[in-house]
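S.K.: Next up is a structure, given as structure tokens.
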Amino acid sequence: MTADSTTMTPVHFLWHVHDRVATITLNRPERKNPLTFESYRELTDTFQALASMPDIRAVVLTGAGDNFCSGGDVHEIIHPLVEMKRRGDTDGLLAFTTLTGNLVKAMRACPQPIIAAVDGVCAGAGAILAMASDLRVGTTRAKVAFLFVRVGLAGADMGACAILPRIIGQGRAAELLYTGRTLPGDEAERWGFFNRLVAPDQLLAEATAMAHTLAHGPTVAHAYTKRCLHDEWEMSIDAAIAHEAEIQARCMTTNDFERAYEAFAAKQTPQFQGD
1426 MTADSTTMTP
1436 VHFLWHVHDR
1446 VATITLNRPE
1456 RKNPLTFESY
1466 RELTDTFQAL
1476 ASMPDIRAVV
1486 LTGAGDNFCS
1496 GGDVHEIIHP
1506 LVEMKRRGDT
1516 DGLLAFTTLT
1526 GNLVKAMRAC
1536 PQPIIAAVDG
1546 VCAGAGAILA
1556 MASDLRVGTT
1566 RAKVAFLFVR
1576 VGLAGADMGA
1586 CAILPRIIGQ
1596 GRAAELLYTG
1606 RTLPGDEAER
1616 WGFFNRLVAP
1626 DQLLAEATAM
1636 AHTLAHGPTV
1646 AHAYTKRCLH
1656 DEWEMSIDAA
1666 IAHEAEIQAR
1676 CMTTNDFERA
1686 YEAFAAKQTP
1696 QFQGD
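Reading the sequence shown from the start, the letters are residues 1426 to 1700 in this note's numbering.
Here it is in structure tokens:
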């Protein structure tokens, strides 16, 4: 994995960079874009590498074809895990769950805002990828399902019990994680899982437009906002206010802050440069 976005050639997904926005496309449409051990690793490496890609200011995560992601590949992941269980290989099982959790950690630590563009199936680990993104654009035909319970597993997977309640509320998250039921796109928007719904043929354009808006904003400030949204989950209100006082003071040392003032005084639109 290289930190140069112009030469990066991932194996397990498509990678495209244009006008400060990187688009990651899960690309196994014939299987509804499932994940494998290798794609988990490569996605984790990519989100970690994005911290060293200052030319990229926002990320769109989507799936090829008419689906987002069907979760872990039944044959390439679930079957090997069952074999580990039969052998009593608890270390191997823990290594896998740590591997998957590391992807969510990498997405949350990645300084760029991530927008998930979700159509069709968004299930299991696919629902987690959407959940771990900063913003989510969906369609009415999207089907979101945290279906771990359907295969005898806990809803406690890849941070779902911590993150999902903060997006849609404790009671609603509990319902999805206990039952594994499918959340249709329109209900997902009402519940706040999707920030907005669009027609399927407008999905990628809408998510990309949103990403471009963020990518041309104050990059340092966006990175701090993302960091604070994550870090302040465990802070008291008073601690969060003190923390944000320090963060905002740092933002005031950026050139983008000065540019915004000068543009306002001149009745112009600020042209943020990310410094």
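Note that CB positions come from ideal geometry on N, CA and C, so glycine has one too.
Since we're looking at a predicted model, the values are computed, not measured.
Answer yes if the segment 1507-1522 comes into contact with the segment 1594-1602, meaning at least three C-beta pairs across the two stretches below 8 angstroms, and no otherwise.
M.R.: Verdict: no, contact absent.
S.K.: Can you tell me whether Gln1627 is buried or exposed, with buried defined as 16 or more other CB within 10 angstroms of its CB?
M.R.: When all chains shown are included, Gln1627 counts as exposed.
S.K.: Checking 8 angstroms against the spacing of the C-beta atoms, do Ala1550 and Leu1460 come in under that value?
M.R.: Contact flag set, yes.
S.K.: So if DSSP puts Gly1488 in a beta bridge, which residue, or which two residues, is it bridged to?
M.R.: Leu1451, per the DSSP bridge assignment.
S.K.: In whole angstroms, what is the alpha-carbon distance linking His1655 and Ala1557?
M.R.: The straight-line gap from Cα to Cα measures roughly 11 angstroms.
S.K.: What are the start and end residues of the alpha helix (DSSP H) that includes Phe1573?
M.R.: Unbroken run through Phe1573: none, as it is neither H nor E.
S.K.: Return the CA-CA distance between Trp1658 and Ala1555, expressed in angstroms with no decimal places.
M.R.: Their backbone Cα atoms lie some 19 angstroms apart in a straight line.
S.K.: Suppose contacts are defined by Cβ-Cβ distances below 8 angstroms. Is Gly1584 in contact with Gly1526 by that definition?
M.R.: Yes; because the gap between Cβ atoms is below 8 angstroms, this pair is in contact.
S.K.: Over the uninterrupted alpha helix (DSSP H) stretch that includes His1655, give me the two end residues.
M.R.: Per DSSP, His1655 belongs to the alpha helix (DSSP H) from 1644-1656.
S.K.: What is the C-beta distance between Asn1620 and Val1562, in whole angstroms, given that I count them as a contact (C-beta under 8 angstroms)?
M.R.: About 6 angstroms separates the two Cβ atoms, so the contact holds.
S.K.: In chain order, what residues of the same chain have a beta carbon less than 6 angstroms from the beta carbon of Asp1681, not counting five sequence neighbours either side?
M.R.: Cβ neighbours of Asp1681 beyond the five flanking positions: Pro1643, Phe1697.
S.K.: Rounded to whole angstroms, what's the CA-CA distance from Ala1674 to Ala1531? Just pull it up for me.
M.R.: When rounded, the distance between both Cα atoms is 26 angstroms.
S.K.: How would you call Gln1537, buried or exposed, if buried means at least 16 neighbouring beta carbons within 10 angstroms?
M.R.: Per the 10 Å Cβ criterion, buried.
S.K.: Roughly how far, in whole angstroms, is the beta-carbon of Asp1544 from the beta-carbon of Pro1625, given that I think they are within contact range, below 8 angstroms?
M.R.: About 5 angstroms; that satisfies the 8 angstroms criterion.
S.K.: Put Met1426 into one of helix, strand or coil per three-state DSSP.
M.R.: Confidence is the limiting factor: at Met1426 the pLDDT is only 42, short of 50, which leaves the residue's position unreliable, though a coordinate-based value still follows. Correct three-state label for Met1426: coil.
S.K.: Would Met1478 be called buried (16 or more neighbouring beta carbons within 10 Å of its own) or exposed?
M.R.: So Met1478 ends up on the buried side.
S.K.: Pair every Cβ in the segment 1568-1584 with every Cβ in the segment 1602-1620, then say whether three or more of these pairs are closer than 8 angstroms.
M.R.: The segment 1568-1584 vs the segment 1602-1620: in contact.
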